[in-house]
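Enquirer:
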Amino acid sequence: MSDVQQRIRPPSGPPPSSAAADKPRRRGRSPLAKREGRVAYLFLAPWFIGMVVITIGPILASLYLSFTEYSLLQPPEWLGLENYRRMLDDERLHTALRVTFTYVFVSVPMQLALALALAFFLDRGVRGLAIYRSIYYLPSLLGGSVAIAILWRQIFGTEGLINQLLGAVGIEGEGWVSHPDHALSTLIVLNVWTFGAPMVIFLAGLRQIPTMYYEAAEVDGAGGFTKFWRITIPLLTPIIFFNLVLQIIGSFQTFTQAFIVSGGTGGPADSTLFYTLYTYQRGFGSFEMGYASALAWVLLVIIAIFTAVNFLAAKRWVHYGD
């Protein structure tokens, strides 16, 4: 056999397994990595403990209490679904639902419309934008406080600022917060006034819209309203959707304003009896903590339903870049 044939002759025996050759060697974690992992868990331990003790624990406890009769003074007594059946005949609960739905459906669209209008105005290039943005954001920080609720009650009182301004032009005012037909409207105005947070988010969204779209529309002869309706609104729908979901969830949980303005009663004539306020009355006013827990879970279900509906409907009107 020639030297060339010997060089090209395949080796005898089976070829080595490529899978075995390519398989990486398993190595255990180094002592340093193990030590860093233990340190990470140590730093995360307060969060895990807080999540279990402060969040998950009370949630599960309230779920159990919603099926019991519990007065805070006696041990819970199992009732099954009685608390939930009781809601069907609770007239004040029906009033609280009506008041809360009215508040949400009226105040949220008005708040978002005002926030978008001011964001659009500020996006036009106002001098001192940072100052205006900070000033407009302040109501969102203060609107849910007790001090602002007390101030709001004084402004809309019988001798408050609103009636003084009306009296200056010869119009006789009335006690807005003490009249059943107007008390809820004052709280709606208060919620609309806290437009700062959605406005800042709208402003950030407007800054992300490329100017080339507006320039192309101007070349085609589009006016201001056409550019706003055909360009700004479609490209801003993800931001609108985000603000809508957040504000609906927050509005359903409104409590402080109604509690302070009505003195904790939900009056006059239950016109400001929000769902959260009624839950508070049942739990800490009448010591019906079992029934109050059931009310809280129903509110959770209501918020979850509205959130789910928003996400399902978003497929039809929210337009993303991809």
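Just so we're aligned: the sequence shown equals residues 1 to 322 in full-length UniProt numbering. All C-beta atoms in this analysis are idealised placements derived from N, C-alpha and C, irrespective of residue type, glycine included. If you're wondering where the values come from, they're calculated on a predicted model, not measured in any experiment.
Specify, as a first and last residue, the run of the alpha helix (DSSP H) that Glu218 falls within.
Expert: Position 218 of the sequence shown, counted from the start, is the residue given in the question as residue 218. Run containing Glu218: 211-219, per the alpha helix (DSSP H) assignment.
Enquirer: Following the continuous alpha helix (DSSP H) through Glu36, name the residue where it begins and the one where it ends.
Expert: Taking the sequence shown and counting its residues from 1, the one referred to as residue 36 is at position 36. From DSSP, the alpha helix (DSSP H) with Glu36 extends over 31-50.
Enquirer: Report yes or no: do three or more beta-carbon pairs, one from the stretch 66-79 and one from the stretch 288-308, lie closer than 8 Å?
Expert: yes
Enquirer: So, with DSSP's three-state summary, where would you put Thr254?
Expert: Locating residue 254 in the sequence shown gives position 254, counting from the first residue. Coil, per DSSP.
Enquirer: Quick check on DSSP: helix, strand or coil for Glu69?
Expert: As a first step, residue 69 must be located in the sequence shown, where it is residue number 69. Under the three-state reduction of DSSP output, Glu69 falls in the strand class.
Enquirer: Quick one: Cα of Arg127 to Cα of Ile248, how far?
Expert: Within the sequence shown, residue 127 is the residue found at index 127, counting from 1. Within the sequence shown, residue 248 is the residue found at index 248, counting from 1. The alpha-carbon atoms of Arg127 and Ile248 are separated by roughly 33 Å.
Enquirer: Verify the contact flag: Tyr132, CB atom, against every heavy atom of the ligand MG, threshold strictly below 6 Å.
Expert: As far as ligands go, the structure on display features none, and thus does not contain the ligand MG.
Enquirer: Let's see if you can read the secondary structure: which residues bound the alpha helix (DSSP H) around Met199?
Expert: Here residue 199 is taken as the residue at index 199 of the sequence shown, counted from 1. Boundaries of the alpha helix (DSSP H) around Met199: 196-207.
Enquirer: So, for Pro234: in the same chain, excluding its five sequence neighbours on each side, which residues have a beta-carbon less than 7 Å away from its beta-carbon?
Expert: In the sequence shown, residue 234 corresponds to position 234, counting from 1. Correct list, in chain order: His319.
Enquirer: Which ranges would you report for the alpha helix (DSSP H) in the stretch 225-271 if only whole runs of at least 4 residues count?
Expert: 233-252, 256-262
Enquirer: On the DSSP letters alone, give me the boundaries of the alpha helix (DSSP H) that Thr158 sits inside.
Expert: Counted from its first residue, the sequence shown places residue 158 at position 158. Neither: Thr158 is in no alpha helix (DSSP H) and is coded neither H nor E.
Enquirer: Output needed for Thr279: all residues of its chain with C-beta closer than 8 Å, excluding positions within five of it in sequence on either side, in chain order.
Expert: Taking the first residue of the sequence shown as 1, we reach residue 279 at position 279. Here the set comprises Ala292, Leu295, Ala296, Leu299.
Enquirer: In terms of alpha-carbon separation, which member of Phe274, Glu174, Gln281, Glu288 lies closest to Leu97?
Expert: The sequence position of residue 97 within the sequence shown is 97, counting from 1. Comparing Cα positions, the closest option is Phe274.
Enquirer: For Thr276 and Val200, I'd like the C-alpha separation in whole angstroms.
Expert: Position 276 of the sequence shown, counted from the start, is the residue given in the question as residue 276. Position 200 of the sequence shown, counted from the start, is the residue given in the question as residue 200. Approximately 28 Å between the Cα atoms of the pair.
Enquirer: Can you name the residues that DSSP bridges to Glu77?
Expert: Counting from one through the sequence shown, the residue named residue 77 turns up at place 77. For Glu77, which the question treats as bridged, DSSP gives the partners Glu69.
Enquirer: Can you name, in chain order, every residue of its own chain whose Cβ lies under 7 Å from the Cβ of Phe187, other than the five neighbours on each side?
Expert: Within the sequence shown, the letter at position 187 stands for residue 187. The question names Phe, but residue 187 is Leu in the sequence shown. Result list for Leu187: Tyr103, Gln257, Ala258, Val261, Thr272, in chain order.
Enquirer: Look at Gly175 and Thr158 and say whether their C-beta atoms are less than 7 Å apart.
Expert: Along the sequence shown, one-based indexing puts residue 175 at 175. Along the sequence shown, one-based indexing puts residue 158 at 158. With contacts defined by Cβ atoms closer than 7 Å, Gly175 and Thr158 form a contacting pair.
Enquirer: Pro210: which of Asp123, His179, Asn243 sits nearest, CA to CA?
Expert: Counting from 1 along the sequence shown, the entry for residue 210 is found at position 210. The candidate whose alpha carbon is nearest that of Pro210 is Asp123.
Enquirer: Hey, out of Val301, Leu190, Leu138, whose CA is closest to Gln154's CA?
Expert: As a first step, residue 154 must be located in the sequence shown, where it is residue number 154. The candidate whose alpha carbon is nearest that of Gln154 is Leu190.
Enquirer: Please classify Gly205 as buried or exposed, where buried requires at least 16 other C-beta atoms within 10 Å of its C-beta.
Expert: The residue you call residue 205 lines up with position 205 of the sequence shown. It counts as buried.
Enquirer: State whether the stretch 83-93 contacts the stretch 310-317, with contact taken as three or more CB pairs (one from each stretch) at a distance under 8 Å.
Expert: no
Enquirer: Could you compute how far the alpha carbon of Ala304 sits from the alpha carbon of Val245?
Expert: Taking the sequence shown and counting its residues from 1, one reaches residue 304 at position 304. Taking the sequence shown and counting its residues from 1, one reaches residue 245 at position 245. Their backbone Cα atoms lie some 11 Å apart in a straight line.
Enquirer: Cβ of Leu116 within 7 Å of Cβ of Phe202?
Expert: Taking the sequence shown and counting its residues from 1, the one referred to as residue 116 is at position 116. Taking the sequence shown and counting its residues from 1, the one referred to as residue 202 is at position 202. In contact: Leu116 and Phe202 (Cβ atoms closer than 7 Å).
Enquirer: Mind checking which residues open and close the alpha helix (DSSP H) that includes Leu88?
Expert: Residue 88 sits at position 88 when you count from the first residue of the sequence shown. Looking at the DSSP string, Leu88 is not in any alpha helix (DSSP H), and its letter there is neither H nor E.
Enquirer: Helix or strand or just coil, what does DSSP make of Gly175?
Expert: Here residue 175 corresponds to residue number 175 of the sequence shown, with the count starting at 1. In the structure shown, Gly175 sits in coil (DSSP, three-state: anything other than H, G, I, E or B).
Enquirer: From Arg30 to Ala40, what distance separates their C-alpha atoms?
Expert: Start at 1 with the first residue of the sequence shown, and residue 30 comes out as number 30. Start at 1 with the first residue of the sequence shown, and residue 40 comes out as number 40. For the record, residue 30 in the displayed sequence is Ser; it is not Arg. Those two C-alpha atoms are separated by around 15 Å.
Enquirer: Among the residues of its own chain, which have a CB less than 8 Å from the CB of Leu129, if the five just before and after it don't count?
Expert: Position 129 of the sequence shown holds residue 129. So the qualifying residues of the chain are Leu122.
Enquirer: So, Asn243 versus Pro198, is the Cβ gap smaller than 7 Å?
Expert: Here residue 243 refers to the residue found at position 243 when the sequence shown is read from its first residue. Here residue 198 refers to the residue found at position 198 when the sequence shown is read from its first residue. It is a contact, given that the beta carbons lie within the stated cut-off.
Enquirer: DSSP three-state label for Ala21, please.
Expert: Here residue 21 refers to the residue found at position 21 of the sequence shown. Its pLDDT being 48, under 50, Ala21 is placed unreliably by the model, and the measurement read from it follows with that caveat. Looking at Ala21 - three-state DSSP - the assignment turns out to be helix.
Enquirer: Cutting at 6 Å between CB atoms, please list the residues of its own chain near Asp181, excluding the five before and the five after it.
Expert: Reading the sequence shown from its first residue, position 181 is the one you call residue 181. Here the set comprises nothing.
Enquirer: Helix, strand or coil: how does DSSP classify Glu82 here?
Expert: The count along the sequence shown starts at 1 and reaches residue 82 at position 82. In the structure shown, Glu82 sits in a helix (DSSP, three-state: H, G or I).
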